[in-house]
Each structure stands twice: as C-alpha cells, then as structure tokens.
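Okay, so the sequence shown: first residue is 16 according to my numbering, each after it adds one. Working notes, structure below.
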Amino acid sequence: MMKNLLFTLCMACLTLVSNPAAAQTEIPLPKPDFPNTMSLAEALQTRRSSRDFANPRRLSDQMLSNLLWAACGVSSADGKITAPSAMNKQDIRVYVCRADGAYLYDPRANTLTQVSATDLRPAVAGRQAFAAQAPVSLVLVSDLTLFNHNAEQMGSIDVGYVSQNICLACTALGIKTVPRMTMDAAALRSALSLPETTALLINHPVGY
Ligand SMILES: Cc1cc2nc3c(=O)[nH]c(=O)nc-3n(C[C@H](O)[C@H](O)[C@H](O)COP(=O)(O)O)c2cc1C
Numbered sequence: 016m017m018k019n020l021l022f023t024l025c026m027a028c029l030t031l032v033s034n035p036a037a038a039q040t041e042i043p044l045p046k047p048d049f050p051n052t053m054s055l056a057e058a059l060q061t062r063r064s065s066r067d068f069a070n071p072r073r074l075s076d077q078m079l080s081n082l083l084w085a086a087c088g089v090s091s092a093d094g095k096i097t098a099p100s101a102m103n104k105q106d107i108r109v110y111v112c113r114a115d116g117a118y119l120y121d122p123r124a125n126t127l128t129q130v131s132a133t134d135l136r137p138a139v140a141g142r143q144a145f146a147a148q149a150p151v152s153l154v155l156v157s158d159l160t161l162f163n164h165n166a167e168q169m170g171s172i173d174v175g176y177v178s179q180n181i182c183l184a185c186t187a188l189g190i191k192t193v194p195r196m197t198m199d200a201a202a203l204r205s206a207l208s209l210p211e212t213t214a215l216l217i218n219h220p221v222g223y
C-alpha cells in the first residue's frame with residue numbers, strides 16, 4: 016500500500032518535472048449561454064469605446080465564457096470559429112489577464128490555462144493607467160508561424176475581426192471595452208513567454 020503510494024507520488028513528480036505544462040492550472044469555463052441580447056443593429060448603433068473602468072464589479076465565469084466564445088470560440092462541428100480567419104489558420108490567441116494571473120483561452124476545450132501567476136494588467140495598461148482598473152484585460156496575439164506568406168498582414172487583419180467581435184459582444188452583454196494598441200509590449204512578451212514569431216497586436220480592458 017505504502018509502496019504504491021510512493022510510486023504514484025514519484026510518477027506525479029516526474030510528470031511535473033518533465034512536463035511543466037502539467038503543473039499549470041486549467042479552469043473549465045461554463046458553456047457559452049447568451050441571454051436575450053439586443054439586435055445586431057442595436058449593438059452596431061450603440062457600440063462605443065469606454066475608458067472608465069472604476070466600477071470594481073468582476074466578470075462572472077459565465078460572462079467571460081460568453082465573451083471569449085464571441086471573440087473566437089468554436090461555432091461549428093467542423094471546428095470553424097466565430098471570427099473569419101485567413102486560410103482558416105485561426106492564428107489569434109486570447110490571453111485573459113486578471114488580478115489572479117494570466118490565462119490562455121483554449122476555444123476547443125473551452126478552458127483557461129494559467130500561464131502566469133502575476134497580475135499583468137498594469138503591463139497591459141502601459142501608459143494608460145485607466146486600463147489597469149478593469150477586472151479583465153484580453154490580450155490578442157497572432158501566431159505568425161501558421162502563415163507561409165504575408166504573415167504580419169494576415170495576423171493584423173485576423174485580429175481586427177476578433178477585436179470587433181469583442182466590441183460588439185461587450186455591447187450586447189452590457190459590459191464595456193476599448194480596443195487598444197497601447198501596452199507595455201516588452202513586459203507582456205516576457206511575462207507571457209511569447210516568442211518573436213508572435214505579434215502582440217491589440218488588447219481589450221473589459222469591465223462594467
Ligand atoms: C487599432 C486601434 C487602436 C486603438 N488604440 C487605442 C489606444 O491605444 N488607446 C485608446 O484609448 N483607444 C484606442 N483605440 C480606440 C479608438 O480611439 C476609438 O475606437 C476611436 O476613438 C473611436 O471611438 P469609438 O470606438 O467609441 O467609436 C484604438 C482603436 C483601434 C481600432
């Protein structure tokens with residue numbers, strides 16, 4: 016009995032040493048579930064950038080799940096996503112930065128995988144301090160390795176669709192955001208361990 020327990024513990028330690036990803040926290044998100052939201056015309060009419068994130072109200076997991084699904088979640092059985100994507104490469108990665116750390120959204124598993132235990136919202140805010148007050152900041156990154164030509168152009172265009180999905184979803188869900196290129200890109204690149212083959216393109220502080 017004791018031997019078995021020891022063996023299991025050793026195997027668990029070995030797994031963690033050989034595969035640091037296994038040590039990362041994975042948070043399952045609730046299924047996206049949209050309440051009765053406004054019409055598309057109303058969302059287009061009323062969408063506005065907001066820079067006031069003083070309200071400390073947090074986003075529920077349900078709200079975050081809805082927002083991430085709208086951004087670039089899986090929307091069909093063949094694996095296509097809510098945003099169009101050049102050659103369907105689905106290159107846009109969404110990082111969720113909150114007080115308790117930073118997480119990578121996995122649209123297929125509908126989970127968040129922790130990639131940092133640090134509050135990176137000040138790095139996302141950069142010189143625009145208001146953004147650090149938002150309970151959540153989404154950071155949009157393109158994986159340029161997926162393209163074999165015009166990678167930077169395609170990544171920049173793809174991110175625009177995801178960003179607009181976020182803008183319209185926030186409006187429809189009754190929350191606020193602003194798309195921003197301002198950020199401390201060097202600090203974020205280092206904290207999120209982003210290689211030079213990725214493009215850190217835009218971020219969205221989100222709150223009430
Ligand atoms: C590519 C892009 C970059 C932007 N960067 C910033 C930014 O760094 N900081 C900011 O406060 N707003 C930023 N904005 C928001 C624009 O200032 C805003 O969309 C514009 O003033 C129009 O206002 P509206 O979104 O309310 O219609 C950016 C918007 C886009 C599309």
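Glycine is no exception: its CB is placed at the ideal position from the N, C-alpha and C atoms. Fair warning: this is a prediction, and the values are worked out from it, not measured in the lab.
Identify the continuous beta strand (DSSP E) that holds residue i and give its terminal residues.
i    : result
T52  : Counting along the chain, T52 falls outside any beta strand (DSSP E), and DSSP gives it neither H nor E.
T40  : First-last for T40: undefined, no H or E at that position.
A214 : 213-222
Could you give the first and the last residue of the continuous alpha helix (DSSP H) run that contains residue i?
i    : result
L79  : 76-87
L207 : It is not in any alpha helix (DSSP H) - L207 carries neither H nor E in the DSSP assignment.
Buried or exposed: which applies to residue i, given that a residue is buried once 16 or more other Cβ atoms fall within 10 Å of its Cβ?
i    : result
P220 : buried
Q168 : exposed
A37  : Any reading at A37 must be qualified, since the residue scores a pLDDT of 43, below 50, and its modelled position is unreliable; the value itself is stated next. Label assigned to A37: exposed.
P122 : buried
L21  : The predicted model places L21 with a pLDDT of 40, which falls under 50 and marks its position as unreliable; any figure quoted below should be read in that light. Per the 10 Å Cβ criterion, exposed.
A214 : buried
P5   : Since the first and last residues shown for the chain are 16 and 223, residue 5 lies out of range.
P99  : exposed
G94  : exposed
N81  : buried
N264 : Because the chain is modelled from 16 through 223, residue 264 falls outside the range shown and cannot be assessed.
M198 : buried
Could you tell me whether any non-hydrogen atom of ligand 1 is closer than 7 Å to the CB of residue i?
i    : result
I181 : no
R63  : yes
R66  : yes
Q143 : yes
T197 : yes
P194 : yes
I217 : yes
Which complete alpha helix (DSSP H) runs does the stretch 89-166 hold, if anything under 4 residues is left out? 136-140
What residue ranges within the stretch 168-195 form continuous alpha helix (DSSP H) runs of no fewer than 4 residues, ordered along the chain? none
Within 8 Å, do at least three Cβ pairs link the stretch 202-211 to the stretch 119-137? yes
So, do the stretch 97-110 and the stretch 61-74 have three or more beta carbon pairs nearer to each other than 8 Å? no
Counting Cβ pairs closer than 8 Å, one from the stretch 45-62 and one from the stretch 74-83, do we hit at least three? yes
Segment contact flag, the stretch 171-185 with the stretch 85-103, C-beta cutoff 8 Å, min 3 pairs: yes
When you compare the stretch 146-156 with the stretch 112-121, are there three or more beta-carbon pairs, one atom per stretch, that lie closer than 8 Å? yes
Any contact between the stretch 131-146 and the stretch 180-189? By contact I mean 3 or more CB pairs, one from each, below 8 Å. no
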